[in-house]
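*Asks:* Residue numbering for the sequence shown follows the UniProt record's numbering, beginning at 1 and increasing consecutively.
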Amino acid sequence: MSRARQPPLVTGISPKEGAAWTKVTIRGENLGTGPADLIGLSICGHNCLLTAEWMSASKIVCRVGPAKDDKGEIIVTTKSGGLGTSTVSFKLIRPERIGILDQSAVWVDELTFRTDRNKGISPLSLRPSNPLGIDIDKGKITPKDLELTFPGMSADFTSENFSATWYLIENHAGSSFDQLKIAASNLKKQATKKNEGSLAYVKGGLSTFFEAQDALSAIHQKLESDGTEKVEGSMTQRLENILNRASNTADTLFQEVLGRKDKADSTRNALNVLQRFKFLFNLPLNIERNIQKGDYDVVINDYEKAKSLFGNTEVPVFQKVYAEVETRIGALRSLLLEKLLQTPSTLHDQKRYIRYLSDLHAPGDPAWQCIYAQHKWILQLMQNCRDEFISGQRVGAGALDPEGDTRPPALGRLSHTTSLKRGGSLRTPRSSNWHFETPQQVQFVEKLSDVVIGQLPNFWKLWISYVNGSLFSETGEKSGQVEKSKKNARQRQNDFKKMIEELTSRLVKLIRGALLPATLPQGELSLYGGWESKTELAGSWLTQIIHTVRGCHEALSAMEIPNDLLQVIQDLLLDLRVHCLMVTLVHTTEDVNRLAEKEDWLVDNEGITSLPSRFEQCMVQMLQSLKEPLEIKPGETNVLQLEQVQDQAAELSVRIMKVFVNSLEQLSTKTDGDINTSHNISVDLSSPDRFTGIQEGFTPTSEQRLLIILSNCQYLERHTFLNLAHHFEKHSFTGTEKITRVSVDAVRGLDRKLFEAYIERRADPIAGSLEPGIYAGYFDWRDCQTPTGVRNYLKEALVNIIAVHAEVFTVSKDLVPRVLSRIVESVADEMCRLMQCVSSFSKNGALQARLELCALRDAIATYLNADSNASFKLALESLPQLHSGADKKLLEELLNKFKSSMQLQLTCFHASSVQPIKR
1 MSRARQPPLV TGISPKEGAA WTKVTIRGEN LGTGPADLIG LSICGHNCLL TAEWMSASKI
61 VCRVGPAKDD KGEIIVTTKS GGLGTSTVSF KLIRPERIGI LDQSAVWVDE LTFRTDRNKG
121 ISPLSLRPSN PLGIDIDKGK ITPKDLELTF PGMSADFTSE NFSATWYLIE NHAGSSFDQL
181 KIAASNLKKQ ATKKNEGSLA YVKGGLSTFF EAQDALSAIH QKLESDGTEK VEGSMTQRLE
241 NILNRASNTA DTLFQEVLGR KDKADSTRNA LNVLQRFKFL FNLPLNIERN IQKGDYDVVI
301 NDYEKAKSLF GNTEVPVFQK VYAEVETRIG ALRSLLLEKL LQTPSTLHDQ KRYIRYLSDL
361 HAPGDPAWQC IYAQHKWILQ LMQNCRDEFI SGQRVGAGAL DPEGDTRPPA LGRLSHTTSL
421 KRGGSLRTPR SSNWHFETPQ QVQFVEKLSD VVIGQLPNFW KLWISYVNGS LFSETGEKSG
481 QVEKSKKNAR QRQNDFKKMI EELTSRLVKL IRGALLPATL PQGELSLYGG WESKTELAGS
541 WLTQIIHTVR GCHEALSAME IPNDLLQVIQ DLLLDLRVHC LMVTLVHTTE DVNRLAEKED
601 WLVDNEGITS LPSRFEQCMV QMLQSLKEPL EIKPGETNVL QLEQVQDQAA ELSVRIMKVF
661 VNSLEQLSTK TDGDINTSHN ISVDLSSPDR FTGIQEGFTP TSEQRLLIIL SNCQYLERHT
721 FLNLAHHFEK HSFTGTEKIT RVSVDAVRGL DRKLFEAYIE RRADPIAGSL EPGIYAGYFD
781 WRDCQTPTGV RNYLKEALVN IIAVHAEVFT VSKDLVPRVL SRIVESVADE MCRLMQCVSS
841 FSKNGALQAR LELCALRDAI ATYLNADSNA SFKLALESLP QLHSGADKKL LEELLNKFKS
901 SMQLQLTCFH ASSVQPIKR
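#1: Where in the stretch 234 to 320 do unbroken runs of the alpha helix (DSSP H), each at least 4 residues long, occur, reported from the N-terminal end onward?
#2: Exposed or buried, V76, counting other C-beta atoms within 10 Å across all chains shown (16 or more means buried)?
#3: Going by the CB atoms, is the gap between C837 and L874 shorter than 8 Å?
#4: With a Cβ-Cβ cutoff of 8 Å, do L664 and I709 count as a contact?
#5: Beta-carbon within less than 8 Å of L360's beta-carbon, same chain only, minus the 5 sequence neighbours each way: which residues are those?
#6: Mind checking whether S613 and L602 have CB atoms under 8 Å apart?
#7: Shortest alpha-carbon distance to T862 belongs to which of D887, K843, N272 and C908?
#8: State whether the stretch 748 to 762 contacts the stretch 770 to 790, with contact taken as three or more CB pairs (one from each stretch) at a distance under 8 Å.
#9: Skipping 5 residues on each side, what residues in its chain have a beta carbon closer than 8 Å to that of I371?
#10: For residue 953, count neighbouring Cβ atoms within 10 angstroms of its own Cβ and tell me buried if that reaches 16, exposed if not.
#11: So what does DSSP say about P123, is it helix, strand or coil?
#12: Between N662, I169 and H731, which has its C-alpha nearest E628's C-alpha?
#13: Could you check whether the stretch 135 to 151 touches the stretch 163 to 181, counting it as contact only if at least three pairs of C-beta atoms, one from each stretch, sit closer than 8 Å?
#14: Kindly give me the distance between the Cβ atoms of E703 and E796, rounded to whole angstroms, as I take these residues to be in contact under 8 Å.
#15: Per DSSP, what are the beta-bridge partners of C62 in this structure?
#16: Is I766 closer than 8 Å to I801 when the C-beta atoms are compared?
#17: Take every Cβ of the stretch 866 to 882, pair it with every Cβ of the stretch 841 to 852, and state whether three or more of those distances are shorter than 8 Å.
#18: Please identify the residue among K889, H46, N312 and V747 whose C-alpha is closest to the C-alpha of T788.
#19: Grouping DSSP H, G and I as helix and E and B as strand, with all else coil, what is V639?
#20: How would you label L542, buried or exposed, when you count the other beta carbons within 10 angstroms and need 16 or more for buried?
#21: Run through DSSP, which three-state label would G365 get?
#22: Using 8 Å as the threshold, is the stretch 616 to 628 in touch with the stretch 576 to 595, meaning 3 or more CB pairs across them?
#23: Taking only the alpha-carbon atoms, compute the straight-line gap between H910 and I860 and give it to the nearest angstrom.
#24: At which residues does the beta strand (DSSP E) containing S14 begin and terminate?
#25: What are the uninterrupted segments assigned as alpha helix (DSSP H) that are 4 or more residues long and contained completely in the stretch 556 to 635, given in chain order?
#26: Taking contact to mean at least 3 C-beta pairs separated by less than 8 Å, is the stretch 58 to 71 in contact with the stretch 25 to 43?
#27: Give a yes or no on whether the C-beta atoms belonging to F310 and L280 are separated by under 8 Å.
#28: Quick check on A650 - is its C-beta less than 8 Å from some C-beta in chain B?
#29: Leaving out five residues before and five after K305 in sequence, what residues of the same chain have Cβ atoms less than 8 Å from its Cβ?
#30: Below 8 Å on the Cβ atoms is my contact criterion, and I expect T519 with R512 to pass it. Report the Cβ-Cβ distance as a whole number of Å.
#31: My guess is that L515 and Q441 are in contact by the Cβ rule of under 8 Å, so how many angstroms apart are they, rounded?
#32: Keeping to the same chain, check which residues put their C-beta closer than 7 Å to that of R5; ignore five residues upstream and five downstream.
#33: Can you check DSSP and say which residues form a bridge with V76?
#34: Here's the rule: buried if 16 or more other CB atoms are within 10 angstroms of the residue's CB, otherwise exposed. What is residue 967?
#35: Would you please state the rounded distance, in angstroms, between the beta carbons of V654 and V568? I believe it to be under 8 Å.
#36: Assuming D867 and E825 form a contact by the criterion Cβ under 8 Å, report the distance between their Cβ atoms to the nearest whole angstrom.
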């Protein structure tokens, strides 16, 4: 058996005081298990069970009756817990009543008096808000749908058209069957109580009814005893006269009082109306004040309240005031729409104004109007940006160098390019005079990108909010604004897509007009072009622009804008990258062509000047500056895989190589007057003291220039071109083999040409001096004395060869074998020719000729080649053979004597173990 429940305990009542029939909420513990369990409720000693509405075990709602006590406890009685107790009390306020003869000029609560004397308080005013006595469970069906389902019916059970089905669907759609059974039981109990109350009322008044019946019976008997009712002097006639006099006397006595009473009632009614409806009468002024303060939410809430209360009123005064309210609200709609369409504006403000207009039921579609206005404003901003730069209102024209070239040098371009890192800001750090150094096209593209990146994200977010319906408040959701917005958004998707396409297309066309005007149709040049007077951009500035445009594309992609809408930017990037590649190659060609002007003719230990390394450095810097333009970002095309770009890049690269080779050739043909003599040629010899005269005040001669350029050509072929081929491949350049092959062929051609020119200048004088030297003093091979040694002409020829050796060795020891072999070949060929031209030799002449040929051959044996050996062989074969042993011995002695006497001079012709001095 279950344990008995605790008795009810009341711990709170709200309000704690009030007049009779005040609705109160009672809170406490164990206040019953249900409506049927509640069997008693008294407040200040008055039974309030009839108006009680059980809500839960801790809450009961009822109305206080006209109790006798002014203050008392709240006692709850239940079947399960019995008689309860209370820790709080209720104070009953009794209003002061005004007699009919008392004058009153103050407002009196309308509950105190009944203006309609013939009617009492309607029982419906005391009806419970929950007649079924079970928990209300609202369904998800909207009132609009219920009105369509039950036309002409109502869920108000006081209405003549009450529909029980509607009431149950609206208030108890989620209630269980058991709860509905409890509700039916509650209705039966309430009906039983009502019938019992009426019967008790009748029973309590039976004595009164009987007394009235007795009085009427006595009057009837008296009338019958008096006879006819119309007899003069009869009781009825006298009674009628008395009543008429009493009525006239009463009217005379109370006419003034009743007049004042009627006026007081009218005044009270007017004050009551003003008090009850002061919200409406004060609303126009409050709307104006709140609009001035910017409290639009307060205005909207007041308007919604007034609309729900007086929107359909038929009272003329209310209609007039409400019309004034609508006028003020109309002006507010216009003001909010004007603010919404103002630019610039933040996304937060735009959403706020759209929500306000939605809650005010503004005509049209304010959200779409805002999107359209924002679109036009962004387009105008972009066009204004271009117009400002074209008109020259923007500072920052490119600073010209003394030669009129605005392009930074190769090193500057490289350092500038390397500062553009992935993931950094679209703009690189600027110096204080940046505006006066950066070309206007670069400033324009950065400014234009800032406009797009600054405005387009909010524009896109506004559209997304429009699509998902997040622009509207809860009021908008209830009124169907969200669904309407989503429907409008679906219908306008194509229109918005065209807006985004127009914005991206305008961005691309403006950039093309500034950088690639040739890619625009002729008709659009006047709108987007006009940059002809501006400075042509170098590759480094184009790289910075590519970095900026890429950053813009990444920012737009991060907003999840469809890729097909951003394809025009990808196409622009492709054209910019190709243009940057070509411009960089062309400008590098110009830089390489100017390298020859910086030749200082200072050679290192290998006989190389700084020119090859300058050239290689220039090319490497060019390739490094192209690293970012050639980098392949997600969604981009490899420009070096485009066939046309491959051909153009390879052709320009080959041109760079040829230009450098041509500059070398031009250096070799310059006259001595064209050479910069501010620098002396640097020599590296094993013994610096041997050539002190060369080091001091020495300037390169034309022959020395040829040697220096020949040495540079060898270095280019063996090192520079191979290194560049590696760098080309490292940077994914195509056609590297062709570039290297053409470059090597060009430098080899120049090498052969310069080598032949040098040999011609040095070998011809030496070979030409042999014949005059041989026949000096009318020497005759057929009539000569016994040889005593090698004659002077041969020694002079050797000294001249030694001078050439020194000249070549001074520049590059690697050139010595090649040059001396050709010099020796030329001398050997000339000696062979001279010997073969002699018709006959005497014995002494043959010995003299053999001595000189052998001395020359042995002295320069290190540099003999096949042709030289063949020439000496033919020359010796043309001489008579030595048959005498004495002649052979004499020949050997004279040769040894020659070698001994010229040992020092001939040392240069032997392999030297002494290495050049390294600085």
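Virtual Cβ for every residue (Gly too), placed ideally from N, Cα, C.
*Replies:* Looking at the atomic coordinates:
#1: 235 to 276, 278 to 293 and 296 to 310
#2: buried
#3: no
#4: yes
#5: I300, Y303, I329, L332, R333 and L336
#6: no
#7: C908
#8: no
#9: F459, L462, W463, Y466, F496 and M499
#10: Residue 953 is absent from the model: the chain starts at 1 and stops at 919.
#11: A caution first: P123 carries a pLDDT of 43, below 50, which makes its placement in the model too unreliable to give a value.
#12: H731
#13: yes
#14: Going by Cβ atoms, the distance from E703 to E796 rounds to 19 Å, so no, they are not a contact pair.
#15: V24
#16: yes
#17: yes
#18: K889
#19: helix
#20: buried
#21: Residue identity differs from the one stated: residue 365 is Asp in this sequence, not Gly. Three-state result, D365: coil.
#22: yes
#23: 9 Å
#24: L9 to S14
#25: 563 to 593, 611 to 625 and 627 to 630
#26: yes
#27: yes
#28: The chain labelled as chain B is not found in the depicted structure, where only one protein chain is given.
#29: F279
#30: 5 Å
#31: 6 Å
#32: N30, S80 and G81
#33: L41
#34: With the chain running from 1 to 919 in the structure shown, residue 967 is simply not present.
#35: V654 to V568, Cβ: 34 Å. No contact.
#36: 5 Å
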